[in-house]
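Read the structure below first, then the notes.
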Amino acid sequence: MKLIKRLLKLIAWLVIAALLWCAWLGWRIVQGAEQDETRPVDVAIVLGAAAYGDKPSPVFEQRIAHAVGLYKKRIVKKLLLTGGFGDGAEMSESQVARRYALQEGVPDRDVLIEKSSRTTFENLKGAQELMKKHGLATVLIVSDPLHMERAARMAADLKLKAWRSPTPTSLYRSKESRTGFLLKEIGALTAYLAGGI
Numbered sequence: 008m009k010l011i012k013r014l015l016k017l018i019a020w021l022v023i024a025a026l027l028w029c030a031w032l033g034w035r036i037v038q039g040a041e042q043d044e045t046r047p048v049d050v051a052i053v054l055g056a057a058a059y060g061d062k063p064s065p066v067f068e069q070r071i072a073h074a075v076g077l078y079k080k081r082i083v084k085k086l087l088l089t090g091g092f093g094d095g096a097e098m099s100e101s102q103v104a105r106r107y108a109l110q111e112g113v114p115d116r117d118v119l120i121e122k123s124s125r126t127t128f129e130n131l132k133g134a135q136e137l138m139k140k141h142g143l144a145t146v147l148i149v150s151d152p153l154h155m156e157r158a159a160r161m162a163a164d165l166k167l168k169a170w171r172s173p174t175p176t177s178l179y180r181s182k183e184s185r186t187g188f189l190l191k192e193i194g195a196l197t198a199y200l201a202g203g204i
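In the working numbering, the protein residues as written are 8 to 204.
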């Protein structure tokens, strides 16, 4: 009986610890979502998101549009678009993004693409390799506000000289969608911090 009581007590403490961790990490993610460090740099890295055929998903479109705006305001000199091929896709996410940027008037010479990544870390790692190849040193990371904390942590681990430039709008506006995205980010950031994945 004593053993069962001890086990139940241990489980209770583990549950409390997990809840406190999630609350703290969720607070960090929300705080990070409110940071906009936009400043003149060499390049904007647009983190990949879903694409449907030759069109970006609404979430991805907002990221690309924000980066195009940064380029047109001369805050960045180049766009570095990331994202590989989804299951059965004929175009990579970055190729879809490139098409969108060109249609918006960004010259082809100022658009770089990385088309093999499938995760946020791979987006940033592939972008880093392209930056080295093209002599680019400073970067703005472009993504959704709630994605920024995890992306910034990964960029720091890669030793990128990077700042946050979240999209000014997000499709995750309702309480339900924001909560769902936040919970996903808590899980993803926890997994990354635990194992560097």
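Every residue, glycine too, gets a C-beta built ideally from N, C-alpha and C.
With a cutoff of 8 Å on beta-carbon distance, VAL53 and MET138 are scored as not near each other. Using a Cβ distance threshold of 8 Å, SER123 and GLY93 do not count as a contacting pair. Look at VAL22 here: in three-state DSSP terms it is helix.
DSSP places ILE71 inside the alpha helix (DSSP H), whose first and last residues are 65-79. CA-CA distance, GLU121 to SER150, rounds to 16 Å. A contact between stretches requires three or more CB pairs, one per stretch, nearer than 8 Å, and the stretch 16-23 fails this requirement with the stretch 103-117. In the structure shown, ILE120 adopts extended strand secondary structure according to DSSP, grouped into three states.
In this structure, DSSP gives ASP151 a state outside helix and strand, which the three-state scheme calls coil.
The beta carbon of PRO47 sits closer than 8 Å to those of ARG81, ILE82, VAL83, all from its chain and outside the five residues before and after it, given in chain order. Under the three-state reduction of DSSP output, VAL113 falls in the coil class, being neither helix nor strand. When the beta-carbon positions are compared, LEU153 and PHE188 come within less than 8 Å of each other.
Note on ALA163: under 16 other CB atoms within 10 angstroms of its CB, so exposed under the neighbour-count rule. Bounds of any beta strand (DSSP E) do not take in ALA134; it lies within the alpha helix (DSSP H) bounded by 127-141. The beta-bridge partner set that DSSP reports for VAL146 consists of VAL50, ALA169. Straight through space, the alpha carbons of PHE128 and ALA25 are spaced by roughly 25 Å. Beta-bridge partners of THR176 (DSSP): none assigned. For ALA162, the secondary structure class from DSSP, reduced to helix, strand or coil, is helix. Between the beta-carbon of ARG171 and that of GLN42 there is about 5 Å, and that keeps the pair under the 8 Å contact cut. With at least 16 other beta carbons inside 10 angstroms of its own, PRO173 counts as buried.
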